[in-house]
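*Asks:*
Residue numbers (the UniProt record's numbering): 1 to 341.
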């Protein structure tokens, strides 16, 4: 019934379910007000009916999102010692039975403002390039649940490996190639690798939201801030700003304290999402992780910002209308009998 995707929020209409809850004696102690939801719609709904206005809202979100073609500028700053920049292109290609299909492309990768120079860095960049274009399935909750072009990725890697073998040799090179071959050998292993990347971990993070009078909810979340350490668990609060920002932007904030892990003594994270209030697509996200390692305070900063001048969403809508034969060029000269249209 709900049709949403890419890091969106779920703002279900609980009016009907509230009536069902209040009418049940066994549910008298439950809070029947609108609330934050940590479950999917099938688990949470207590009524099979959905108002026409809500169904129309879902349809509009699905329809708008199906044309999504945006590019985001990614930046990761590791305590000002290493700064990563690149562009991530996101294209929604289809929607079916609660699952969105996306094609992702990465380009213009820089470290500290320069192209990668070291042997292992260049080797890593060459191998990662085989991952793209990356085709994934995304749930309505905004989480990557599958990789759809594993065979293409594996074929690209086999070709790239032969090219690299002409330029590199040695035990380190052979071991690295074996590692990459293992990762690309199945969709599940590629998906696991994506979950170890903080970029995908934050961009495709579940954001379940409904509203309470306080617009906040205690919430436990996990983020993969380090590739060498398991996901770090945080306990904190997620909140929704009740007032839309300028340009119809919806603000969602999460702040949490880290549970101790490995060599990290303490830490706190703050993630701020800005979503389009109309179709709930991602416009911007900023994340910060402040932590203490060996009594030294350090910070990791993350940002993904929609590059509006590179947006091709409108162009995709026009192309779709042209294919259906219903496109009217606003700049074309109209004939006298078309002026009332």
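Yeah, the Cβ is synthetic: ideal placement off N, Cα and C, and Gly gets one too.
None of the values given here were measured: they were computed from a predicted structure.
Which runs of the beta strand (DSSP E) at least 3 residues long sit entirely within the stretch 187–251? Give them in chain order.
*Replies:* Within the stretch 187–251, the complete beta strand (DSSP E) runs of at least 3 residues are 216–223, 232–240.
*Asks:* Since I believe residue 78 is in contact with residue 106 (beta carbons under 8 Å), could you give me their beta-carbon distance rounded to a whole number of angstroms?
*Replies:* Actually they are not in contact, since the Cβ atoms of residue 106 and residue 78 sit about 19 Å apart, beyond 8 Å.
*Asks:* According to the neighbour-count rule (16 or more other Cβ atoms, all chains shown, within 10 Å of its Cβ), is residue 327 buried or exposed?
*Replies:* It is exposed - the Cβ of residue 327 has fewer than 16 other Cβ atoms within 10 Å.
*Asks:* Consult DSSP for residue 12 and reduce its assignment to one of helix, strand or coil.
*Replies:* Any reading at residue 12 is ruled out, since the residue's pLDDT is 37, under 50, leaving its predicted position unreliable.
*Asks:* Quick one: using the 10 Å Cβ neighbour count with 16 as the cut-off for buried, is residue 384 buried or exposed?
*Replies:* The structure shown does not extend to residue 384, since the chain is modelled only from 1 to 341, so the question has no answer here.
*Asks:* Relative to the C-alpha of residue 103, which residue among 71, 117, 229, 119 is closest?
*Replies:* When only C-alpha atoms are compared, the closest one is 71.
*Asks:* Count the C-beta pairs between the stretch 247–265 and the stretch 228–238 that are closer than 8 Å, then say yes if the count reaches three, no if not.
*Replies:* Counting Cβ pairs under 8 Å, three or more are found: they touch.
*Asks:* Which class does residue 294 belong to by DSSP, given the choice of helix, strand or coil?
*Replies:* Reduced to three states, the DSSP call for residue 294 is coil.
*Asks:* Grab the span of the alpha helix (DSSP H) containing residue 128 for me, first residue to last.
*Replies:* That run of the alpha helix (DSSP H) goes 119–128.
*Asks:* Indicate the three-state DSSP secondary structure (helix, strand or coil) for residue 143 in the structure shown.
*Replies:* Looking at residue 143 - three-state DSSP - the assignment turns out to be coil, as it is neither helix nor strand.
*Asks:* With DSSP collapsed to three states, give me the class of residue 151.
*Replies:* The answer is helix: DSSP assigns residue 151 an H, G or I state.
*Asks:* Which residues bound the alpha helix (DSSP H) around residue 176?
*Replies:* Here the alpha helix (DSSP H) through residue 176 covers 171–183.
*Asks:* Which residues in the same chain as residue 133 place their Cβ atom closer than 6 Å to its Cβ, once the five residues preceding and following it in sequence are excluded?
*Replies:* Within the same chain, residue 133 has close Cβ partners 103, 105.
*Asks:* For residue 111, does the three-state DSSP call read helix, strand or coil?
*Replies:* Looking at residue 111 - three-state DSSP - the assignment turns out to be strand.
*Asks:* For the stretch 286–295 and the stretch 308–319, state whether three or more C-beta atom pairs, one from each stretch, are separated by less than 8 Å.
*Replies:* In short, these stretches do not touch, since the Cβ pair count stays below three.
*Asks:* Can you confirm whether residue 294, when its beta carbon is compared against all beta carbons of chain B, has any partner nearer than 8 Å?
*Replies:* The structure shown has no chain B; it contains just one protein chain.
*Asks:* Under 8 Å between the Cβ atoms of residue 265 and residue 251?
*Replies:* Against a cut-off of 8 Å, the Cβ pair of residue 251 and residue 265 comes out as no contact.
*Asks:* Within 10 angstroms of the Cβ of residue 309, are there 16 or more other Cβ atoms? Answer buried if so, exposed if not.
*Replies:* Exposed, because fewer than 16 other Cβ atoms sit within 10 Å of the Cβ of residue 309.
*Asks:* List in chain order: all unbroken alpha helix (DSSP H) runs of 4+ residues lying wholly within the stretch 247–329.
*Replies:* Complete alpha helix (DSSP H) runs here, min 4: 313–324.
*Asks:* Once you ignore the five residues that flank residue 154 on each side, which residues in its own chain have a CB closer than 6 Å to its CB?
*Replies:* Around residue 154: 184.
*Asks:* How many angstroms separate the CA atom of residue 297 from the CA atom of residue 315?
*Replies:* One C-alpha to the other measures close to 46 Å.
*Asks:* Is DSSP giving residue 156 helix, strand or coil here?
*Replies:* Helix.
*Asks:* How should residue 271 be labelled, buried or exposed, when 16 other C-beta atoms within 10 angstroms of its C-beta is the threshold for buried?
*Replies:* Flag for residue 271 reads buried.
*Asks:* Per DSSP, residue 103 is paired with what?
*Replies:* Beta-bridge pairing links residue 103 to 91, 135.
*Asks:* Going by DSSP, name the residue or residues bridged to residue 70.
*Replies:* Per DSSP, 90.
*Asks:* Could you check how far apart the C-beta atoms of residue 293 and residue 263 are, in whole angstroms? I think they sit under 8 Å.
*Replies:* Correct: roughly 6 Å between the Cβ atoms.
*Asks:* Should the stretch 181–198 be called in touch with the stretch 149–165, which here means at least 3 C-beta pairs below 8 Å?
*Replies:* With the cut-off at 8 Å, the stretch 181–198 and the stretch 149–165 touch.
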